[in-house]
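Only one structure is covered here, and it is reproduced in the block below.
Numbering (this note's numbering), first residue to last: 1408 to 1764.
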């Protein structure tokens, strides 16, 4: 079976999908990137099976340059003759793949993987976006979602068949060494949708109750300067470290040491960073979103923090006392439900059962 992966080849998430798909026996993998390809693709796919379109898509839309690559993409796909086009992020790459099939009749069937905001945010921007999302979803013979709540929204928008599995870990990390009870780690993007200022407010409440508390903020974004100013204004400049974007090994080290993990976005599906934190034995403190409630039973294996609420010491203390048990429970859940390779194998088996058009 010949499958063409279509997405942003500079994204580590698409590379992770490529690694998992390339390991499935009997599957011949090809790939199209709207941008270039990350160096990691060299070990996964030969250059002869890749097409880089060289555009710079914008998640906010207006990607006319991407649509202009459609004739080039169609010529390439006609030579490849895929059984399946597998598009990632439905309102950009999904649209491109759908148009290639609908308008130009390229061979193969369409599968689509939603990434979050393409389903939970973009369709609510207006009628045109909702119409386009519906068209792409209805054009997919099979879709994937990383949460039940996003799958339900996809069905509302017209998707027929949706597989639900987390965008999980490629392998379980070893059990963490001794945790630092006062260390808090956060690594979502420093952009408005992830509400990093809310992370600082939550940490301020934790720091007021525990003088040993320190926050490490990884990743980067447009709000970094505002966050640094906010930390200073709260009198926490010496207790908050901004460490920027991290490689996987360095990030794993912070997960291992941190007792707590903070992620408080305003919209999200099941986030791989939360799964990583759970696999490393952190206690997650998450925003009150339906997808987060699929992972955390508040007060048992973490804390769901309502908007406007602070993590109070009387709630944190019982979690701290049970930290070792929580770490074991969360690691066991990830091992059973959130490893990526078995889920991708099941996805490919579904594609085989559906067959090529």
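By construction, the Cβ of each residue, glycine as well, lies at the ideal position given by its N, Cα and C atoms.
Predicted model only: the values in this text are computed from it and were never measured.
On the criterion of 16 or more Cβ atoms from any shown chain inside 10 Å, does residue i qualify as buried, or is it exposed?
| i | result |
| --- | --- |
| residue 1467 | Unreliable positioning characterises residue 1467 in this predicted model, as indicated by a pLDDT of 47, which lies under 50. A coordinate reading is not provided. |
| residue 1457 | buried |
| residue 1469 | Below a pLDDT of 50, predicted positions are generally treated as unreliable, and residue 1469, at 49, falls in that range; no measurement from the model is reported. |
| residue 1425 | buried |
| residue 1683 | buried |
| residue 1657 | exposed |
| residue 1441 | buried |
| residue 1715 | exposed |
| residue 1471 | exposed |
| residue 1543 | buried |
| residue 1602 | buried |
| residue 1595 | buried |
| residue 1520 | buried |
| residue 1760 | exposed |
| residue 1463 | exposed |
| residue 1621 | buried |
| residue 1545 | exposed |
| residue 1675 | buried |
| residue 1438 | buried |
| residue 1652 | exposed |
| residue 1688 | buried |
| residue 1618 | exposed |
| residue 1632 | exposed |
| residue 1762 | exposed |
| residue 1691 | buried |
| residue 1573 | buried |
| residue 1516 | buried |
| residue 1510 | exposed |
| residue 1575 | buried |
| residue 1433 | exposed |
| residue 1611 | buried |
| residue 1593 | buried |
| residue 1416 | buried |
| residue 1725 | exposed |
Note down the Cα distance separating residue i from residue j, rounded to an integer number of angstroms.
| i | j | result |
| --- | --- | --- |
| residue 1703 | residue 1740 | 11 Å |
| residue 1615 | residue 1722 | 14 Å |
| residue 1712 | residue 1473 | 39 Å |
| residue 1742 | residue 1647 | 32 Å |
| residue 1584 | residue 1685 | 14 Å |
| residue 1460 | residue 1540 | 22 Å |
| residue 1503 | residue 1477 | 7 Å |
| residue 1537 | residue 1529 | 7 Å |
| residue 1579 | residue 1750 | 15 Å |
| residue 1505 | residue 1581 | 42 Å |
| residue 1363 | residue 1431 | The structure shown has nothing for residue 1363, since the chain only spans 1408 to 1764. |
| residue 1731 | residue 1586 | 9 Å |
| residue 1552 | residue 1755 | 15 Å |
| residue 1427 | residue 1625 | 26 Å |
| residue 1659 | residue 1481 | 41 Å |
| residue 1571 | residue 1454 | 31 Å |
| residue 1568 | residue 1499 | 20 Å |
| residue 1408 | residue 1697 | 36 Å |
| residue 1501 | residue 1488 | 18 Å |
| residue 1600 | residue 1514 | 38 Å |
| residue 1598 | residue 1435 | 37 Å |
| residue 1527 | residue 1694 | 16 Å |
| residue 1679 | residue 1524 | 15 Å |
| residue 1577 | residue 1418 | 16 Å |
| residue 1534 | residue 1565 | 15 Å |
| residue 1448 | residue 1414 | 13 Å |
| residue 1670 | residue 1708 | 15 Å |
| residue 1484 | residue 1508 | 10 Å |
So what does residue i bridge to, in DSSP terms?
| i | result |
| --- | --- |
| residue 1694 | 1712 |
| residue 1355 | Nothing about residue 1355 can be read from this structure; the chain reaches only from 1408 to 1764. |
| residue 1495 | 1520 |
| residue 1449 | Residue 1449 is not bridged to any residue. |
| residue 1435 | 1409 |
| residue 1674 | Per DSSP, none; premise fails for residue 1674. |
| residue 1587 | 1665 |
| residue 1459 | 1440 |
| residue 1422 | Partner(s): none; residue 1422 has no beta bridge. |
| residue 1414 | 1440 |
| residue 1576 | 1746 |
- Query: Enumerated in chain order, which unbroken segments of the beta strand (DSSP E) with a length of 3 residues or greater are wholly contained in the segment 1597-1652?
  - Reply: Here the runs fully enclosed are 1621-1625, 1647-1651.
- Query: Given 8 Å as the limit, is there contact between the segment 1663-1678 and the segment 1630-1649, that is, 3 or more CB pairs closer than that?
  - Reply: Not touching, per the Cβ criterion.
- Task: Give a yes or no on contact between the segment 1731-1740 and the segment 1544-1557, applying the rule of three or more CB pairs nearer than 8 Å.
- Result: No: fewer than three Cβ pairs fall under 8 Å.
- Which whole runs of the beta strand (DSSP E) in the segment 1700-1748 are 3 residues long or more, in chain order? Taken in chain order, the unbroken stretches of beta strand (DSSP E) that lie wholly in the segment 1700-1748 and span 3 residues or more are 1710-1712.
- Task: Can you check the segment 1538-1572 for any alpha helix (DSSP H) of at least 4 residues that lies completely inside it and give the ranges in chain order?
- Result: Here the runs fully enclosed are 1555-1563.
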